[in-house]
Amino acid sequence: MVDVPYEATVDVPPAEVAEVELYHPKSWWTQYVFSQDAKVIAIQYSLTATAIGLVALVLSWLMRLQLGFPGTFSFIDASQYLQFITMHGMIMVIYLLTALFLGGFGNYLIPLMVGARDMVFPYVNMLSYWVYLLAVIVLASTFFVPGGPTGAGWTLYPPQAILSGTPGQDWGIILMLSSLILFIIGFTMGGLNYVVTVLQARTRGMTLMRLPLTVWGIFTATIMALLAFPALFVASVMMLFDRLLGTSFFMPALVEMGQQMKYGGGSPILFQHLFWFFGHPEVYIVALPAFGIVSDLISTHARKNIFGYRMMVWAIVAIGALSFIVWAHHMYVSGMHPHFGFFFATTTLIIAIPTAIKVYNWVLTLWRGDIHLTVPMLFALGFIITFVNGGLTGLFLGNVVVDVPLSDTMFVVAHFHMVMGVAPIMVVLGAIYHWYPKVTGRMLDDWMGKFHFWVTFLGAYLIFFPMHYLGLLGVPRRYHDIGEAAFITPSVHTLNAFMSVVALIVGLAQMVFLFNLVWSYFKGRPSGGNPWRATTLEWQTPETPPGHGNWGKELPVVYRWAYDYSVPGAKEDFIPQNQPPTTRAIQGAAT
Amino acid sequence: MAETALTTPGQSPVRTAGLKGVAADWSSDQRAFKNVSWGKAMMWIFLLSDTFIFSCFLLSYMTARMSTTVPWPNPSEVFALTIGGQHIPLILIAIMTFVLISSSGTMAMAVNFGYRRDRVKTAVLMLVTAALGATFVGMQAFEWTKLIQEGVRPWENPWGAAQFGSSFFMITGFHGTHVTIGVIFLIAIARKVWRGDFDVERRGFFTSRKGNYEIVEITGLYWHFVDLVWVFIFAFFYLW
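Chains L and H, in that order, give the protein sequences. Quick note: the first sequence uses my numbering, first residue 306, plus one each step. Quick note: the second sequence uses my numbering, first residue 13, plus one each step.
As structure tokens, then:
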């Protein structure tokens, strides 16, 4: 082997396609409002998702007030309580997390990280946001219609979802289903863009196996969403017909208020299958982008290459594929053949293998790394711990015999809040602290950030750890007032009050974060182009924030993977992906 | 859309065939599907997603049909017409299927002439395709009208399980919407072809991108998909 001077033209293939001219905004409106620039669309998505997310946060306060101090707040009656849980769940899962990870981070990071100037179809991408906004407006409007929003629970199980005993039967459920249909249409337009951009619009030298894991996570999640949302779309259309036209897709023969209803012959279980065929992949649609982002955060802030990159990629793909054959583990108590329970329990537990690979690889990346306890790193560490905790309770719930007594108790609530509530939110927050400098050119305030992290992290545990105990006692979920019963010990009431107080404090800490976002935009320390000394392409843009078209005149050329941190012999402890090697080794050229 | 299929400046055209070629393409940079344009890739992925929508519709219908305790109306009887004193089962559906499959043929010819840059023939064939599609939708409207007059409603029908009407209107309605959207797209693209937009590389109104004849093929992909879906609906709803 011998080292010879490196020639870029030899190792990096020439461009395969001519550059596509971008749409150039002609006015303020087309630059900032009806913008076709993925970066602007990303910010629009993020702000809309955050705004509706704040509504869901306030709803969680109201629920906690009722649970912690039952009877004290007369303005929260049982119907409203059900409406609050429904809207809280739906907003958080779909309109906040899905939209923020895919529409927000996806739009901002995919073109920058793969070295493209924009998404492949910017006009369709713009439409995606506006349809999403319409879906959010329709959803929010249910608070103001007669009867209020639906109180069917976020799973919208029929038949109760459209019966008159459920709050929001008038308008709420109709608008909720319409909003979901709109969301899916809007998401599909964006999702097609993300997938095609990753597959077909990478820059020279950017192979799939050189993509940062963030892109892998978002890419796989988007494909999953394109295949899982159709089931929700179909379920929503059918339930809308059941409600509006009086069809009986999901409605069995029923007697309501002593009256035989005109429904008959439908299958409520069919809805559950459709819903969870969407619903379970949805968990990973939220989790996979989080997995990807957290890998990049850990590698960057521990100044070490990600451990087992290829395994990380294949684990993401495997989790994505497996998540389509586990859905009925949400339906153990709905009644099904024991063999199906066995099958779905087995597939569910098999997912633990690729997931464990990921967790081990994160820990091994940290091992003997040069760990900088920056705010993004704190959130990344918080994520790993929380995700492991939430995942372990998943092992309980994945087994049929253990799940049956725990079903519909607070244990389930605690489990999914840990694993798909707190854990992804940790990543969202860490990612915002990480990429805010690229978006605005200023650093977020460190002190406020650390305060925000510790209150959120510790608070989340103070809220959700006791909730597991409540669940094991048998305290049911979705109850407005659990009242007095033999199995409800005095400690349940004490803990409920305690959790409520903590929830309010954690919620208030998020206000500090929002203040930080605004304050730092004007007063934050200027960050420069690459404050974290990171390798990936988005930090190598000629301008910060990146300008229209991202890259100036020349597209970047990629020579290496995304994780060249602390390379022995290198001048700096990071080598950007677009930095050519000075020499290259040629096999057999010596002697 | 300025980049087209089969343009690979500077790239050696030699590609490994078979599985090795696929592996080579996927481990290369820039594009996983060589010679596939953005638009075509996007349409394929959209169709994959749409496949899931129709699959869910059909599976739900089959679940309802298999689990109902009331008899399911016999489609051969329901969709029979009496023409000239002859009672012919499924005749209208047979004609509709024939029309739609024929439109796939004219569409394929349009794509062929598009790549030969034969402006007039492409546009005419696309319009013929659109006309066949519109005929299909028209016959579907006739079928709907007939059934509605006979008392079929989404919530009930005179012959048996209520889910018959629900599934029928929902599935054929959703498919008919797809055909209608296809007809509108065909007419819009045919107009562009006729006007010569793709010869002068006129820019799109909204996207300001230059179009080319590949859009004919992409529209064709969608059209063939809608036809294929109809074959499944025909098999599972009418023939079962």
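No residue lacks a Cβ here, since even glycine has one placed at the ideal position from N, Cα and C.
| Asked | Found |
| --- | --- |
| Residues that DSSP places opposite T512(L) in a beta bridge | D41(H) |
| Terminal residues of the alpha helix (DSSP H) in which T527(L) lies | L518 to L549 |
| Residue range of the unbroken alpha helix (DSSP H) whose run includes H99(H) | From DSSP, H99(H) is part of no alpha helix (DSSP H) but of the beta strand (DSSP E) over Q98 to I100. |
| Complete runs of the alpha helix (DSSP H) confined to the segment 172-228 of chain H [at least 4 residues] | 174-207 |
| Chain L contact for R77(H) (CB, 8 Å cutoff) | no |
| For Y870(L), the three-state DSSP class (helix, strand or coil) | strand |
| Through-space distance from T28(H) to Q438(L), alpha-carbon basis | The displayed chain sequence assigns Leu, not Gln, to residue 438(L). C-alpha separation (whole angstroms): 46 Å. |
| Of the listed residues L697(L), F688(L) and W740(L), nearest to H720(L) (C-alpha basis) | L697(L) |
| Candidates E324(L), P881(L), F449(L) and G495(L), of which the one nearest W866(L) by Cα | P881(L) |
| Local conformation of E561(L) per DSSP, three classes | strand |
| Residue closest to E226(H), alpha-carbon to alpha-carbon, out of S115(H), E213(H) and Y127(H) | Y127(H) |
| Same chain, Cβ closer than 8 Å to W38(H), five either side skipped, listed in chain order | A44 |
| Cutoff 8 Å: A440(L) Cβ touching any chain H Cβ | no |
| C-beta neighbour in chain L for W50(H), strict 8 Å | yes |
| Positions along the segment 78-107 of chain H whose CB lies within less than 8 Å of some CB in chain L | S79, T80, T81 and V82 |
| Whole-Å CB distance - F524(L) paired with V500(L), under 8 Å assumed | 7 Å |
| Counted within 10 angstroms of its Cβ, other Cβ atoms place F762(L) as buried (16 or more) or exposed | buried |
| Partner residues on chain L for D41(H), Cβ-Cβ distance less than 9 Å | V317, P318, E321, R507, T508, R509, G510, M511, T512, L513, R515 and V863 |
| Within chain L, partners of A53(H) - CB distance below 7 Å | V501, L504 and Q505 |
| Outcome for S379(L) when other beta-carbon atoms lying within 10 angstroms are tallied against a minimum of 16 | exposed |
| Nearest-angstrom Cβ-Cβ length linking V599(L) and A685(L), presumed shorter than 8 Å | 5 Å |
| Nearest neighbour of R608(L), chosen from A421(L), R673(L) and L359(L) [CA to CA] | R673(L) |
| Selection from S49(H), L31(H), V34(H) and K32(H) that minimises the alpha carbon distance to A323(L) | S49(H) |
| Proximity test, Cβ basis, 8 Å: G640(L) and chain H | no |
| Classification of A790(L) by the beta-carbon crowding that lies within 10 angstroms, buried from 16 upward | exposed |
| In DSSP terms, what I95(H) is bridged to | Q98(H) |
| Cutoff 8 Å: P643(L) Cβ touching any chain H Cβ | no |
| C-beta neighbour in chain L for G22(H), strict 8 Å | Note that G22(H) has pLDDT 46, beneath the 50 cutoff, so the model's placement of it is unreliable and the number below is only indicative. Closer than 8 Å to some Cβ of chain L, the Cβ of G22(H) qualifies, so yes. |
| Nearest-angstrom Cβ-Cβ length linking G510(L) and D41(H), presumed shorter than 8 Å | 5 Å |
| Residue from T679(L), I676(L), L775(L) and M748(L) whose Cα sits closest to the Cα of L711(L) | L775(L) |
| Residue interval of the alpha helix (DSSP H) (run including S67(H)) | W50 to S79 |
| R221(H) at chain L interface by Cβ criterion, 8 Å | yes |
| Neighbour list for A174(H) in chain L, Cβ cutoff strictly below 8 Å | T552, S553, G569 and G570 |
| Proximity winner among V325(L), W856(L), A592(L) and F374(L), relative to I689(L) (alpha-carbon distances) | A592(L) |
| Inter-residue spacing [alpha-carbon to alpha-carbon] between H677(L) and L414(L) | 23 Å |
| Counterpart residues of F879(L) in DSSP-defined beta bridges | Y870(L) |
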